[in-house]
Amino acid sequence: MAVDLQTLGKAVKAAQYRQHRTLDTRLASIGSTLAQWDALRAIDNAPGASARELAATTFQSEQAFGTLAGRLVTQGLVDRSKGHGRRIEHRLTAEGKRILRAGHEVADSVLAECFEGLTAADRVSLLGLLHKLAARPDGDGG
């Protein structure tokens, strides 16, 4: 059976949108947003990383990540310090680590709900297919 590619693309986007909207709503209960929690998670996974590296990891532009990081610093969740050359390094504060842990609990709950209709085998298959798509070149000519 042939699948219309636009329908497939829309279905992927709808699932992602539902997941992101639910995560964002529930993360508000701990005083965070999805973008903030994702940034905290990226910083925790790569302490001392530059804004450029963190922007790429969180699928943001450097400018957008810099603005977000500035808000996280103001909220006392992240410390920035001068690194080698012009590099600015990022690390979580104790409060940032607390929000990150609370966010993990929220995310685990939301994601369990999002994927509850899939068997364990379905989840393995879906993950494999998504990795396969993500590994393909962008095709943007660059």
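Quick note, the numbering used here runs 6 ahead of the 1-based positions in the sequence shown.
C-beta atoms are modelled at their ideal positions from N, C-alpha and C, and glycine is treated no differently.
Other residues of its chain near residue i: CB distance less than 8 Å, five sequence neighbours each side excluded
i, result
"A5", "A question about residue 5 goes unanswered here, because the residues of the chain that appear run from 7 up to 148."
"L83", "Q42, L46, L98, T99, E101, G102 and I105"
"A75", "A45, A57, L60, V84, R86 and H96"
Contact set for residue i: own chain, Cβ-Cβ below 7 Å, skip 5 residues either direction
i, result
"F121", "R129"
"D30", "T39 and L40"
"M7", "none"
"G147", "Here G147 scores only 46 on pLDDT, less than 50, and its place in the model should not be relied on; the value that follows carries that caveat. Once the five neighbours on either side are set aside, G147 has no close Cβ partner at all."
"K19", "none"
Buried/exposed call for residue i, threshold 16 Cβ in 10 Å
i, result
"G109", "buried"
"D2", "This structure leaves residue 2 out entirely; the chain is present only between 7 and 148."
"Q66", "buried"
"L78", "buried"
Residue span of the beta strand (DSSP E) that contains residue i, given as start and end
i, result
"L98", "I94 to L98"
"V84", "V84 to K88"
Residue span of the alpha helix (DSSP H) that contains residue i, given as start and end
i, result
"D128", "A126 to A140"
Proximity test, residue i beta-carbon vs the ligand GDP heavy atom, cut-off 6 Å
i, result
"V112", "Of the ligands one can find in the structure shown there are none, so the ligand GDP has no counterpart to examine."
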